[in-house]
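S.K.: Protein chains in written order, with the numbering used here: chain A, 6 to 488; chain B, 6 to 488. Got a structure for you, written out below as structure tokens; questions coming shortly.
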């Protein structure tokens, strides 16, 4: 993978020193980090796919400081790479010679309004911090992803984060009313609107969300809250196939409507992997099943009997031969135990050796077809490879992960990543799908984009990038092919 | 208002004739309309604020024909103005010398998938046509606006249309998964994605939605459907003030959550105007009230007792002294009668003489403050003016309409529009609001934009416009100030 990394930007040492001095004079010398040991953890991303390099990490505390730094870098012709919690999965947060700009000190919740159902959060707030602030006022901030304890709002916005509640509440984009952005030349766009309706020009907010820092640096956002649900039903169903899971999904959606907030699937191999490797997990259904579906129902009405609703649907599905067994959590602890079976899967897979991962989406109706075809093709490509296709079926978003054949050398296996990419992504493309459903493009998928994205879309992206970042200093080398 | 109209584009007669001939050869001479009588209805918008002019109206039937026409116009340097149902309220669809491109023949529903909950509709489909197609398969396309019988999907997309169900389902942008667009040079961007999650680059779809044709012509879209609701409760409440309405809104939202799909308010003057002028309307509550709130609850669960839910909330609100009276529709006919009281208001106002209108939004929590302050200021500015502030309180979107003083000359009254704009829009801006909540900018508010929009946002818009439409031929003179 490291062959994908762009060449480091070469900077003139004297000019660089002058730039860092200028920045230190503004934000304090302690906030310009050049010590190699201090930098090290911020230069490599979670999976270790990319090793970054930077002359310094700067840690501004205010929007004005970010603006000053970016303007100074623009004058000096120095690229800037923004970083939040460094939890991104595609390398978008890794610098290659440019200045690393950490948003972590900008972690203030500026405002929370339970009538407007809005929270104004700075980019460096952790997702958990925002969830907590909402919960304390009887509200819900619905974004929920595995890294929520350490990922930051700026990164959630820049990658348009998804997760397990998108089915009901949408991605980060749908959860955002307004933004504050520092543009690549240092100008500040104050778009911190709290409005639910505003048709006064182009959708600038939507453009910066998901741009992975290539159009500027998001410093704060107005996020959308919901009234906190007061009733829940968490259910696990055993069934024969993704086709059966799709049928159950339709049944639940048609009756429960918005009350259906999550619908996840995992295969038997995934369930067994979790039960084998993750302490404290226990089998929730008596028998073995080819597939499992985890469905979550919620309601703002305290006395809403969602268990009865689920039971009724499960009864009909059982009669129709579509499901084999089901359990409805009788307590919050049981609900958490069911979710753990799903959420521990990524960690559990690490015990099974190398894992080649694909974060893809297809139209919901094509999920069973996709899983069957991609599994067949991958097993033919490498006999013994263990397919673990799981995830957000309700959104058509499958994490199509491939565990190495038992006993194979891990490095030799991971060297086959490109071949599997081609197989899986070609099938995805044939079904009108996406090669990155929720993780983004970053560096990891940048060179794949031209293979699958409409060429006119790529031309439009390049034109917009050139218009907003004409010097190419905003997180260069990310997202845009050949950029 | 007509002083706002840009100067007609002057075209060289011979070059124009050659261009029209070229287009006629491709789409058929009958589809190049130059007859003045045939053109007349398409050159003036509903309120008669602008009188347009065009050398010809062309009527392509396919995306390829649109592409051909736009490319030919780009070569000849001729502007193109797209038009759907000609129901826009800000003049965006009126040509001033450019070619008028009607999308009305592109009215095919290409596909409808009740599993994916998607419909692929061409730009010329009426909104009603899409609603009907959805209903026939047990689905709901939730966009609902007064002009739904004649407005077209392309216009709904280009103005990011809103309406009475935004509270629950969002604007047109939130109801769109993908687009097909003909760019200003004739290239076709095929972005007809059906995906609920796709993080592969910039949010191009969102950029074209709401751009009012200034970045290209939307020819088709993948729209989002919902399972059709099976239970409804339509309610009308009499209360003392917008403050009381806001309290009722919070009570309903906190308990009903997503079941609350609409929350509209109207003042006593509005209610009396409807009852006086609109045949077939009847008083729904016995007494008189200062304000009225219409709340709609829906659910996918057939046996969901929403009336009981509403009754419970109304009981608490009554106990707290927040509401004076309430009625819950006992039949579909009664529900329609309640909605008519709200929906007939725009028509009813015409009987009260000239009406100066503002389509504004503020944060939901500021609606009562806004209405009080703006009413006071307008009444001080012109004693006798009759304030009719009504609309989508749940979205913070108020139609702040001013009926002329009784007996005043209509033309003299309408000449005061600019003065009222400044008063109302200054108050809106002071509350962090928008001067166009759902109608767009078009020509009507183009020169006001610089007074209220963040200057950096305007610079970004101009840069994007120049990048995508460097020749400035896509609906010139609209949206962008001085454009």
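Beta carbons: idealized from backbone N, C-alpha and C, even for Gly.
1) Check whether the Cβ atoms of residue 28 of chain B and residue 74 of chain B lie closer than 8 Å to each other.
2) Could you pull out every residue in the same chain whose Cβ sits closer than 6 Å to the Cβ of residue 98 of chain A, ignoring the five residues on either side in sequence?
3) Which chain A residues are close to residue 458 of chain B, counting only those with a beta carbon under 7 Å from its beta carbon?
4) Suppose the cutoff is 8 Å on Cβ atoms and the five residues either side in sequence are ignored; what does the same chain contact list for residue 308 of chain A look like?
5) Which parts of the stretch 58–92 of chain B are runs of the beta strand (DSSP E), unbroken and 3 residues or longer, counting only runs that do not cross its ends?
6) To the nearest angstrom, report how far apart residue 387 of chain B and residue 183 of chain B are at their CA atoms.
7) Let me confirm a value: residue 7 of chain A is counted as buried when at least 16 other C-beta atoms fall within 10 Å, else exposed. Which label applies?
8) Kindly list, in the order they appear in chain A, the residues whose Cβ is closer than 7 Å to that of residue 466 of chain B.
9) Applying the criterion that 16 or more other CB atoms from any shown protein chain within 10 Å of the CB defines a buried residue, is residue 26 of chain B buried or exposed?
10) Going by CA-CA distance only, name the one from A/128, A/399 and A/20 that's closest to residue 66 of chain A.
11) Using the Cα positions of residue 370 of chain A and residue 103 of chain A, report the straight-line distance between them to the nearest angstrom.
12) Looking at the secondary structure, which residues open and close the beta strand (DSSP E) in which residue 125 of chain A lies?
13) So, with DSSP's three-state summary, where would you put residue 297 of chain A?
14) Would you check if the distance between the CB atom of residue 148 of chain B and the CB atom of residue 177 of chain B is smaller than 8 Å?
15) How is residue 118 of chain B classed by DSSP in three states: helix, strand or coil?
16) Which bits of chain A does residue 91 of chain B rub up against, with CB to CB less than 9 Å?
17) Compile a chain-ordered list of the residues in the stretch 367–392 of chain A whose CB is closer than 8 Å to at least one CB of chain B.
18) Please check if any C-beta of chain A sits within less than 8 Å of the C-beta of residue 400 of chain B.
19) Which of the three DSSP states is assigned to residue 193 of chain B in this structure?
20) Can you give me the C-alpha to C-alpha distance between residue 365 of chain B and residue 402 of chain B, rounded to a whole angstrom?
21) I'd like to check one pair, residue 227 of chain B with residue 305 of chain B: are the Cβ atoms closer than 8 Å?
22) Any beta-carbon of chain B closer than 8 Å to the one on residue 47 of chain A?
23) Could you check where the alpha helix (DSSP H) with residue 383 of chain A kicks off and where it finishes?
24) List, in order along the chain, the chain A residues whose C-beta lies closer than 8 Å to that of residue 5 of chain B?
25) Considering only C-alpha positions, which residue in the set B/233, B/346 and B/208 is nearest to residue 165 of chain A?
26) Which of the three DSSP states, helix, strand or coil, is assigned to residue 6 of chain A?
27) Straight-line CA distance for residue 475 of chain B to residue 101 of chain B?
28) According to DSSP, is residue 214 of chain A helix, strand or coil?
29) By the criterion of Cβ-Cβ separation under 7 Å, what are the contact partners of residue 165 of chain B in chain C?
30) Answer yes or no: does any C-beta atom of chain B fall closer than 8 Å to that of residue 433 of chain A?
31) Does DSSP classify residue 480 of chain B as helix, strand or coil?
32) Please say whether residue 418 of chain A and residue 434 of chain A have beta carbons closer to each other than 8 Å?
33) Look up residue 393 of chain B in the DSSP assignment and give the residues it is bridged to.
34) Is there at least one Cβ from chain A nearer than 8 Å to residue 482 of chain B's Cβ?
35) From residue 299 of chain B to residue 341 of chain B, what does the alpha carbon distance come to, in whole angstroms?
36) Cα-Cα, which of B/62, B/292 and B/368 is closest to residue 46 of chain B?
M.R.: Put simply:
1) Walking along the second chain from the start, residue 28 of chain B turns up at place 23. Walking along the second chain from the start, residue 74 of chain B turns up at place 69. At the C-beta level, residue 28 of chain B and residue 74 of chain B come within 8 Å of one another.
2) Working through the first chain from its first residue, we reach residue 98 of chain A at position 93. Only residues of its own chain outside the window of five on either side were considered, and among them 88 and 91 have a CB closer than 6 Å to the CB of residue 98 of chain A, listed in chain order.
3) Taking the second chain and counting its residues from 1, the one referred to as residue 458 of chain B is at position 453. Per Cβ cutoff of 7 Å: 205 and 206.
4) Counted from its first residue, the first chain places residue 308 of chain A at position 303. Correct list, in chain order: 236.
5) Whole beta strand (DSSP E) segments, 3+ residues: 85–88.
6) Position 382 of the second chain, counting from 1, holds the residue named residue 387 of chain B. Position 178 of the second chain, counting from 1, holds the residue named residue 183 of chain B. Taking the Cα positions, residue 387 of chain B is about 47 Å away from residue 183 of chain B.
7) The residue labelled residue 7 of chain A in the question sits at position 2 within the first chain. With a pLDDT of 40 at residue 7 of chain A, under the threshold of 50, the modelled position of this residue cannot be trusted; read the value that follows with caution. With fewer than 16 Cβ atoms within 10 Å of its Cβ, residue 7 of chain A is classed as exposed.
8) As a working note, residue 466 of chain B is residue 461 in the second chain. Within chain A, the residues near residue 466 of chain B are 206 and 207.
9) For this step, residue 26 of chain B is matched to residue 21 along the second chain. So residue 26 of chain B counts as exposed.
10) Looking up residue 66 of chain A in the first chain gives position 61. Comparing C-alpha distances from residue 66 of chain A to each of A/128, A/399 and A/20 shows the shortest one belongs to A/128.
11) Residue numbering aside, residue 370 of chain A sits at position 365 when the first chain is read from its first letter. Residue numbering aside, residue 103 of chain A sits at position 98 when the first chain is read from its first letter. Their backbone Cα atoms lie some 43 Å apart in a straight line.
12) The residue given as residue 125 of chain A occupies position 120 in the first chain. Unbroken beta strand (DSSP E) run through residue 125 of chain A: 123–127.
13) As a working mapping, residue 297 of chain A is identified with position 292 in the first chain. Note: residue 297 of chain A maps to strand in three-state DSSP.
14) Residue numbering aside, residue 148 of chain B sits at position 143 when the second chain is read from its first letter. Residue numbering aside, residue 177 of chain B sits at position 172 when the second chain is read from its first letter. Residue 148 of chain B places its beta carbon less than 8 Å from that of residue 177 of chain B.
15) By one-based count along the second chain, residue 118 of chain B stands at place 113. Strand, per DSSP.
16) Locating residue 91 of chain B in the second chain gives position 86, where the first residue counts as 1. Within chain A, not a single residue places a beta-carbon under 9 Å from that of residue 91 of chain B; the smallest gap is close to 18 Å.
17) Within the stretch 367–392 of chain A, the residues whose Cβ lies closer than 8 Å to some Cβ of chain B are 367, 368, 369 and 370, listed in chain order.
18) The residue given as residue 400 of chain B occupies position 395 in the second chain. Yes, because at least one Cβ of chain A sits closer than 8 Å to the Cβ of residue 400 of chain B.
19) Working through the second chain from its first residue, we reach residue 193 of chain B at position 188. Per DSSP, reduced to three states, the secondary structure at residue 193 of chain B is strand.
20) Taking the first residue of the second chain as 1, we reach residue 365 of chain B at position 360. Taking the first residue of the second chain as 1, we reach residue 402 of chain B at position 397. Going by the C-alpha atoms only, they are around 6 Å apart.
21) Taking the first residue of the second chain as position 1, residue 305 of chain B is located at position 300. Taking the first residue of the second chain as position 1, residue 227 of chain B is located at position 222. With respect to the 8 Å criterion, residue 305 of chain B and residue 227 of chain B are not classified as neighbours on the basis of their beta carbons.
22) Along the first chain, one-based indexing puts residue 47 of chain A at 42. So no, residue 47 of chain A is outside the interface.
23) Here residue 383 of chain A is taken as the residue at index 378 of the first chain, counted from 1. DSSP places residue 383 of chain A in the uninterrupted alpha helix (DSSP H) bounded by 372–386.
24) No information on residue 5 of chain B is available, as it lies outside the stretch 6 to 488 that chain B covers here.
25) Taking the first residue of the first chain as 1, we reach residue 165 of chain A at position 160. Sorting B/233, B/346 and B/208 by C-alpha distance to the C-alpha of residue 165 of chain A places B/208 at the top.
26) Here residue 6 of chain A refers to the residue found at position 1 when the first chain is read from its first residue. Because the pLDDT of residue 6 of chain A is 38, which lies under 50, any placement of that residue in the model is unreliable, and the number read from its coordinates should be weighed accordingly. It is coil, neither helix nor strand.
27) Locating residue 475 of chain B in the second chain gives position 470, counting from the first residue. Locating residue 101 of chain B in the second chain gives position 96, counting from the first residue. So the alpha carbons of these two residues sit roughly 19 Å apart.
28) By one-based count along the first chain, residue 214 of chain A stands at place 209. Correct three-state label for residue 214 of chain A: coil.
29) The structure shown has no chain C; the protein chains it does contain are A and B.
30) On the first chain, position 428 is the one that residue 433 of chain A refers to. Chain B, which has no Cβ nearer than 8 Å to the Cβ of residue 433 of chain A, makes this no.
31) Position 475 of the second chain, counted from the start, is the residue given in the question as residue 480 of chain B. Three-state result, residue 480 of chain B: coil.
32) Reading the first chain from its first residue, position 429 is the one you call residue 434 of chain A. Reading the first chain from its first residue, position 413 is the one you call residue 418 of chain A. If you check the CB distance, residue 434 of chain A and residue 418 of chain A do not come in under 8 Å.
33) As a position in the second chain, residue 393 of chain B is number 388, starting the count at 1. Beta-bridge pairing links residue 393 of chain B to B/406.
34) The residue given as residue 482 of chain B occupies position 477 in the second chain. Cβ-Cβ to chain A under 8 Å: no for residue 482 of chain B.
35) Start at 1 with the first residue of the second chain, and residue 299 of chain B comes out as number 294. Start at 1 with the first residue of the second chain, and residue 341 of chain B comes out as number 336. For residue 299 of chain B and residue 341 of chain B, the distance between alpha carbons rounds to 12 Å.
36) The residue labelled residue 46 of chain B in the question sits at position 41 within the second chain. Answer by Cα proximity: B/62.
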